[in-house]
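Novice: If you scroll down you'll find the structure; I have some questions about it.
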Amino acid sequence: MSDAKTGRPLLEIRNLEKRFDLDHGFLETLKFRKGKIVRESRSVHAVNNISLEARKGEALCVVGESGCGKSTVARLVAGLLTPTAGEIHYGGQRIDNLSRGGMQPLRKKIQMIFQNPYASLNPRMTIRQALEEPVRHHYPSASAAEVRDKVTEVMLSVGVDPSWAKRYPHEFSGGQRQRIAIARALTVDPEFIIADEPISALDVSIQAQVLNLMLEAKESRGLTYLFITHDLSVVEHFGTRVAVLYLGSVCEVADTATLFSNPKHPYTRALLSAVPQLKDDRPNHIRLKGEIPTPINLPKGCPFQSRCAFADARCKSEKPKAIHQPDGSMVACHAVEEDRLDAVAAG
Amino acid sequence: MSLLSVRDLTVKFAMRDQTVTALNGISFDLAKGERLGIVGESGAGKSITGFSLMNLLSRPGYIDSGKILFEGEDVVQMNDKRLRNLRGNRMAMIFQDPMVTLNPVLTIGQQMIETLMAHRKLSREEARQIAIVKLREVYIPSPEERLEQYPHELSGGMRQRIIIAIALLLDPQLIIADEPTTALDVTIQADIMELMLELCQSNQVGLILITHDLGVVSQMTERTLVMYAGRIIESGRTREIINDPQHPYTQGLINALPQQTVPGQRLKQIPGNMPGLASIPAGCAFNPRCKYATDLCRSRVPEIVQYGEVAVACHEVQRLHSDEDRQEARA
Amino acid sequence: MSTETLNPKSEPSRWSKIWNSNMGYSFRRNPVAVVSMIVFLLIALASFLAPVIAPYDPYDPAQIDIMNSEYPPAWVSGSLPEFVLGTDDQGRDLWSTILYGTRLSLLIGICAVALQAFLGISIGLIAGYVGGRLDSLLMRLADIQLSFSTLMVAIIFLAVTQAMFGTDTFNKYAVVFLIAVIGVAEWPQYARTVRATVLAEKKKEYVDSARVLGFGPMRIMVRHILPNSLSPIFVISTVQVANAIISEASLSFLGLGMPPSQPSLGSLISSGFDYIFSGSWWITAIPGVVLVVLVLVINLLGDWMRDVLNPKLYKG
Chain A
56 MSDAKTGRPL LEIRNLEKRF DLDHGFLETL KFRKGKIVRE SRSVHAVNNI
106 SLEARKGEAL CVVGESGCGK STVARLVAGL LTPTAGEIHY GGQRIDNLSR
156 GGMQPLRKKI QMIFQNPYAS LNPRMTIRQA LEEPVRHHYP SASAAEVRDK
206 VTEVMLSVGV DPSWAKRYPH EFSGGQRQRI AIARALTVDP EFIIADEPIS
256 ALDVSIQAQV LNLMLEAKES RGLTYLFITH DLSVVEHFGT RVAVLYLGSV
306 CEVADTATLF SNPKHPYTRA LLSAVPQLKD DRPNHIRLKG EIPTPINLPK
356 GCPFQSRCAF ADARCKSEKP KAIHQPDGSM VACHAVEEDR LDAVAAG
Chain B
9 MSLLSVRDLT VKFAMRDQTV TALNGISFDL AKGERLGIVG ESGAGKSITG
59 FSLMNLLSRP GYIDSGKILF EGEDVVQMND KRLRNLRGNR MAMIFQDPMV
109 TLNPVLTIGQ QMIETLMAHR KLSREEARQI AIVKLREVYI PSPEERLEQY
159 PHELSGGMRQ RIIIAIALLL DPQLIIADEP TTALDVTIQA DIMELMLELC
209 QSNQVGLILI THDLGVVSQM TERTLVMYAG RIIESGRTRE IINDPQHPYT
259 QGLINALPQQ TVPGQRLKQI PGNMPGLASI PAGCAFNPRC KYATDLCRSR
309 VPEIVQYGEV AVACHEVQRL HSDEDRQEAR A
Chain C
99 MSTETLNPKS EPSRWSKIWN SNMGYSFRRN PVAVVSMIVF LLIALASFLA
149 PVIAPYDPYD PAQIDIMNSE YPPAWVSGSL PEFVLGTDDQ GRDLWSTILY
199 GTRLSLLIGI CAVALQAFLG ISIGLIAGYV GGRLDSLLMR LADIQLSFST
249 LMVAIIFLAV TQAMFGTDTF NKYAVVFLIA VIGVAEWPQY ARTVRATVLA
299 EKKKEYVDSA RVLGFGPMRI MVRHILPNSL SPIFVISTVQ VANAIISEAS
349 LSFLGLGMPP SQPSLGSLIS SGFDYIFSGS WWITAIPGVV LVVLVLVINL
399 LGDWMRDVLN PKLYKG
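The listed protein sequences correspond, in order, to chains A, B and C. First residue of the first sequence: 56, per my numbering; consecutive thereafter. First residue of the second sequence: 9, per my numbering; consecutive thereafter. First residue of the third sequence: 99, per my numbering; consecutive thereafter.
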């Protein structure tokens, strides 16, 4: 860990921005426009000037509510979307402007696990076909036996019985499908996995199975994760560091333990207090006024100002920058910077 | 007298090749104004229970046997006219996805006023006033304006509030809420939960909360049923079930939550999957996933017995408990 | 590690899988579909075995005797026992001629649809997957093509080719011309449907997953998206075969299709039409009934297929 801390981070996101043009219909069709934006059109500011880094062996969790841009960050890093501005570096190499061919070697290193195991496997392919395809594609010289051995090894490592290989995805339950999807990502021996809400479509008892599987894979294969989720209890368990997103901007980045024991940003505090607790009745739920505004034509100033109890004139006019705190976390909040939060709470 | 009393409810689905049993002998009671949670994973039959209570099952599902006594009257035997009077009027339902319940081409006002006028002898203006009062009750700002809006113009949290307002429109005795907050964000979910709790308490409305989320159940309900593969396997006061679950499945479910483990450690997972309705194992349905399973568990379905504070359907609950005591003594 | 196991059933054969699938089940439960399928298979089998079944070869002038012309079918008085369905104006056995004619009609129908499908699916896939300007261009082309009626395009094209190559050459290659013109005229049907399906499939996570794994656009289109877009393709194909058969019959009826020496169902109906008022109704009526039955069963099968494969009802 100390060794990893001295070197460069494995993944570096610098001032990343992504805007989706609204007046051209569906978001999905937009990536082919190469970020060409017409001046007068409205656009969704999905990601605004985000900078993050993930070190080797880390599980960086990105948390936030719907519309905060967390999935967009995942898709930008995976190369499924092209950023409007900013840079993504992986292992010291800039990757956001690579061609498909230039991206090929990195495809083996960066893999992605999706939210919905019912949609992430091609329904017309057997499990064997789905798992062998990436191996064949990335190792064209491998013999049929080698491919088969590789697939069997991966299937065993994720707890999928190799005798299921002839079956189709619809014959499996959600948890089994998610195992298969993980196996598919692992067939190319990646070192970095982007997991976009990998367990939120699963049942509670299955969530534990899949989370354990991902932890095992992390230890045995030395994986680094970018873990996208809305579930804070999973973050506390799984993440080594957490980034809290609100309306496409980073509110707070901290080590997991620091964030949960000493949350600083007003939004982080509200989010933590809102998680339904099992044992005690709700201690003190911080009620937020209003709801998340739409990320279309964002107001200037702090994105959280409309719901924040501590917002003042400065918050409405100036967007806060992320500032290093003594305990190593980064917080983007004027109130924290000016030390207004606890003064108000005390008074 | 209890508000709702379900006795030996059995629901079957006529599938292509065979008939499968989705609910198997469900019995429970609900007192007036009581809040009951039904917990289980997908396929456990919790949503089907909700639908059956309103006699809303559609083909291929049907109520095979059993009674659902609502204020002493059997819902299963009701004719269409009486059912219409029941639904919405005395029993209301809230679904996970508000867009399923709201008609996208009608304004909020039209939907609320039509509903009121269909059930009560009211003038349009009176109905409008009641609608505004109800919207105010669920803390919707400027309700007069909302009445003119279409569902798609509102945010998810606002829609779910309106759904709750519509459910409360005719002052029902019982609200059945099927995963009412699952589609919402955490901060909104907390608000909606508080709102529902407050409304149920102040209006003495019974609540059946169907959810997979133990945290939600823990905060919202007084009593809880835990379902597995179409049966109730454990029931009792919510506090007791959360703090001291008796059935190995309930224990597994609670222990599997990330909060229950030191960060970074393996979670305590339950192996395997819930069986499909067509392949429920003989004996206790949980036996293939249970570490305490014996030959008896594999051959005979356990009866529900009272054990301490809760009712539990498990052959081995006695042994399980002594086992735990021994472990605790050693530790 | 997990202890999950699936019951190790023996792997069912492909046929029993199809038989037990949703489609197989709804087929068995639908008498209209079963009868239509049986009738269609009977017609198809009989026509493709025409050289074996037919008592005469209508293409062989040596077997045709003009003196045998206009004998009525066997159940009408004045018939000859060797001509079960009677003879046409040239003295050909109507039963044999219908068999051969149906074979031609089916052949042209199926080949034309294959051509339509090939063009339409390729264009639809590319338009849907690539999107952007190319998509707009291809779809506007489809709109322009659709704004011409199929028959109008076909009539102009066939009339011009007939004039260019002369009747003899045209008659020789009539089958090819018909396939080409019917095939080209109706590709937009496929292109639009495929494009719509591709747009829906492209949003699904398995396509993203394939992209993250670094597969090329060609592989994603053909290996991943196309197999998941087959349901609507099946449905249109059935309906389009029926349409193509009708188009062919109409063109032949107008004298722009198959020559009288190699009659399809359409040209048979056309050639008998001149005699319908002189009492020889059977030359037109019997091929007409065959054509109607053939098109009807294909359309009924298409209807059934649409019901089964309707993505809104069908849960994959």
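We put the beta carbon where it would ideally sit given N, CA and C, even for glycine.
Could you name the residues that DSSP lists as bridge partners for A:Glu72?
Specialist: Here residue 72 of chain A is taken as the residue at index 17 of the first sequence, counted from 1. For A:Glu72, which the question treats as bridged, DSSP gives the partners A:Ala140.
Novice: Going by beta-carbon coordinates alone, are B:Gly33 and B:Ile218 separated by less than 9 Å?
Specialist: Translated into positions along the second sequence, residue 33 of chain B becomes position 25. Translated into positions along the second sequence, residue 218 of chain B becomes position 210. It is not a contact, given that the beta carbons lie outside the stated cut-off.
Novice: Starting from B:Ala264, find everything on chain A with Cβ-Cβ shorter than 8 Å and list it in chain order.
Specialist: Here the question's residue 264 of chain B lines up with position 256 in the second sequence. Simply Val259, Ser260, Gln262, Ala263.
Novice: Can you tell me whether A:Lys205 is buried or exposed, with buried defined as 16 or more other CB within 10 angstroms of its CB?
Specialist: To locate residue 205 of chain A, count along the first sequence from 1; it is residue 150. A:Lys205 comes out buried.
Novice: Could you tell me which chain B residues have their CB closer than 8 Å to the CB of A:Asn267, listed as they occur along the chain?
Specialist: In the first sequence, counting from the first residue as 1, residue 267 of chain A sits at position 212. Result: Arg274, Leu275, Gln277.
Novice: What in chain A is Cβ-close to C:Asp306, meaning under 7 Å?
Specialist: Position 208 of the third sequence, counted from the first residue, corresponds to residue 306 of chain C. Near C:Asp306 (Cβ distances below 7 Å), the residues of chain A are Leu135, Phe169.
Novice: If we define contact as Cβ-Cβ less than 9 Å, is C:Gly222 a contact residue for chain A?
Specialist: For the purposes of this step, residue 222 of chain C is identified with residue 124 of the third sequence, where counting begins at 1. Chain A contact via Cβ: absent.
Novice: Identify the contact partners of B:Pro271 in chain A, using a Cβ-Cβ distance below 7 Å as the criterion.
Specialist: Stepping through the second sequence from its first residue, residue 271 of chain B is reached at position 263. The contacting residues are Glu291, His292, Thr311.
Novice: Whole-angstrom Cβ separation of C:Val292 and C:Gly229, contact assumed at under 8 Å?
Specialist: The residue given as residue 292 of chain C occupies position 194 in the third sequence. The residue given as residue 229 of chain C occupies position 131 in the third sequence. About 14 Å; that fails the 8 Å criterion.
Novice: If the criterion is Cβ atoms closer than 9 Å, does the pair B:Lys20 and B:Asp72 meet it?
Specialist: By 1-based counting over the second sequence, the position of residue 20 of chain B is 12. By 1-based counting over the second sequence, the position of residue 72 of chain B is 64. In contact: B:Lys20 and B:Asp72 (Cβ atoms closer than 9 Å).
Novice: Can you tell me whether A:Asn177 is buried or exposed, with buried defined as 16 or more other CB within 10 angstroms of its CB?
Specialist: As a working note, residue 177 of chain A is residue 122 in the first sequence. When all chains shown are included, A:Asn177 counts as buried.
Novice: Give the straight-line distance between the Cα atoms of C:Trp173 and C:Trp380, rounded to the nearest whole angstrom.
Specialist: Here residue 173 of chain C refers to the residue found at position 75 when the third sequence is read from its first residue. Here residue 380 of chain C refers to the residue found at position 282 when the third sequence is read from its first residue. Rounded to the nearest angstrom, the two C-alpha atoms are 11 Å apart.
Novice: Using a 10 Å radius around the Cβ and a threshold of 16 neighbouring Cβ atoms, would you call A:Phe247 buried or exposed?
Specialist: Here residue 247 of chain A refers to the residue found at position 192 when the first sequence is read from its first residue. With 16 or more other Cβ atoms within 10 Å, it is buried.
Novice: Which one or two residues does DSSP pair with A:His379 in a beta bridge?
Specialist: Translated into positions along the first sequence, residue 379 of chain A becomes position 324. DSSP, once it has assigned bridges, lists A:Met385 as partnering A:His379.
Novice: Using C-beta distances below 6 Å, list every residue in its chain close to B:Glu187, excluding the 5 sequence neighbours before and after it, in chain order.
Specialist: Residue numbering aside, residue 187 of chain B sits at position 179 when the second sequence is read from its first letter. These residues qualify, in order along the chain: Gln104, Thr219.
Novice: Taking C-beta pairs closer than 8 Å, name the residues in chain A that B:Thr195 reaches, listed in chain order.
Specialist: Position 187 of the second sequence, counted from the first residue, corresponds to residue 195 of chain B. Glu120, Ala325, Leu326, Ala329, Leu343, listed in chain order.
Novice: Three Cβ pairs or more, each shorter than 8 Å: is that satisfied between the stretch 40-58 of chain B and the stretch 373-384 of chain A?
Specialist: The stretch 40-58 of chain B is not in contact with the stretch 373-384 of chain A.
Novice: Which residues in the same chain as A:Phe315 place their Cβ atom closer than 6 Å to its Cβ, once the five residues preceding and following it in sequence are excluded?
Specialist: Along the first sequence, read from residue 1 onward, the residue named residue 315 of chain A stands at position 260. These residues qualify, in order along the chain: Glu291.
Novice: Please report the distance separating the alpha-carbon of B:Ile171 from that of B:Met235.
Specialist: Walking along the second sequence from the start, residue 171 of chain B turns up at place 163. Walking along the second sequence from the start, residue 235 of chain B turns up at place 227. Looking at the two C-alpha atoms, the distance is approximately 26 Å.
Novice: Given that B:His255 touches chain A, what residues does it touch there, using C-beta distances under 7 Å?
Specialist: Mapped onto the second sequence, residue 255 of chain B falls at position 247. The contacting residues do not exist; B:His255 stays about 13 Å from chain A at best.
Novice: Look at C:Tyr169 and C:Tyr198 and say whether their C-beta atoms are less than 9 Å apart.
Specialist: Counted from its first residue, the third sequence places residue 169 of chain C at position 71. Counted from its first residue, the third sequence places residue 198 of chain C at position 100. Their beta carbons are not under 9 Å apart, which means C:Tyr169 does not touch C:Tyr198 by this criterion.
Novice: With a threshold of 9 Å between beta carbons, is A:Lys73 in contact with chain C?
Specialist: Here the question's residue 73 of chain A lines up with position 18 in the first sequence. No, no contact with chain C.
Novice: With 9 Å as the threshold, decide whether the Cβ of A:Pro189 is near any Cβ in chain C.
Specialist: Here residue 189 of chain A is taken as the residue at index 134 of the first sequence, counted from 1. A:Pro189 counts as touching chain C.
Novice: So, helix, strand or coil for A:Lys86, using DSSP?
Specialist: Along the first sequence, one-based indexing puts residue 86 of chain A at 31. Reliability of the predicted coordinates at A:Lys86 is poor, the pLDDT of 49 falling under 50, and the value obtained from them is presented with this limitation in mind. Here A:Lys86 sits in helix by DSSP.
Novice: Taking all protein chains shown into account, decide if C:Trp113 is buried (16 or more other Cβ within 10 angstroms of its Cβ) or exposed.
Specialist: Along the third sequence, read from residue 1 onward, the residue named residue 113 of chain C stands at position 15. Classification of C:Trp113: exposed, given that the 10 Å Cβ count is below 16.
Novice: Quick check: A:Ala185 and A:Arg191, are their CB atoms within less than 9 Å of each other?
Specialist: To locate residue 185 of chain A, count along the first sequence from 1; it is residue 130. To locate residue 191 of chain A, count along the first sequence from 1; it is residue 136. Not closer than 9 Å, so no.
Novice: What residues in the stretch 97-114 of chain A bring their beta carbon closer than 7 Å to a beta carbon of chain C?
Specialist: Flagged: no residues at all.
Novice: Leaving aside the five residues before and after A:Leu300 along the sequence, list all residues of the same chain whose C-beta is less than 8 Å from its C-beta, in chain order.
Specialist: Within the first sequence, numbered from 1, the residue matching residue 300 of chain A stands at position 245. If we look at A:Leu300 and ignore the five residues flanking it on each side, its Cβ neighbours are Ile105, Val117, Val118, Gly119, Cys123, Gly124, Lys125, Val128, Cys306.
Novice: Which two residues bound the contiguous beta strand (DSSP E) that contains A:Ala133?
Specialist: Here residue 133 of chain A is taken as the residue at index 78 of the first sequence, counted from 1. Run containing A:Ala133: none; DSSP gives neither H nor E here.
Novice: Hey, out of C:Gly400, C:Ala383, C:Leu389, C:Leu392, whose CA is closest to C:Leu70's CA?
Specialist: In this structure chain C extends from 99 to 414, so residue 70 of chain C is not present and cannot be described.
Novice: Would A:Ala101 pass as a contact of A:Pro350 if the rule is Cβ separation under 9 Å?
Specialist: By one-based count along the first sequence, residue 101 of chain A stands at place 46. By one-based count along the first sequence, residue 350 of chain A stands at place 295. Yes. Within cutoff.
Novice: Can you check whether the CB of B:Ile76 is closer than 9 Å to the CB of B:Ser60?
Specialist: For the purposes of this step, residue 60 of chain B is taken as the residue at position 52 of the second sequence. For the purposes of this step, residue 76 of chain B is taken as the residue at position 68 of the second sequence. A contact, by the Cβ cut-off of 9 Å.
Novice: Classify B:Thr190 as helix, strand or coil using the three-state DSSP reduction.
Specialist: Counting from one through the second sequence, the residue named residue 190 of chain B turns up at place 182. Coil.
Novice: Is it buried or exposed, A:Cys388, if we count other Cβ atoms within 10 angstroms and call 16 or more buried?
Specialist: Counting from 1 along the first sequence, the entry for residue 388 of chain A is found at position 333. A:Cys388 comes out buried.
Novice: Does the Cβ-Cβ distance between B:Cys292 and B:Val309 come in under 9 Å?
Specialist: Residue numbering aside, residue 292 of chain B sits at position 284 when the second sequence is read from its first letter. Residue numbering aside, residue 309 of chain B sits at position 301 when the second sequence is read from its first letter. Contact: yes.
Novice: Do you know offhand how far B:Glu42's Cα is from B:Tyr315's?
Specialist: As a working mapping, residue 42 of chain B is identified with position 34 in the second sequence. As a working mapping, residue 315 of chain B is identified with position 307 in the second sequence. Approximately 22 Å, taken between the alpha carbons.
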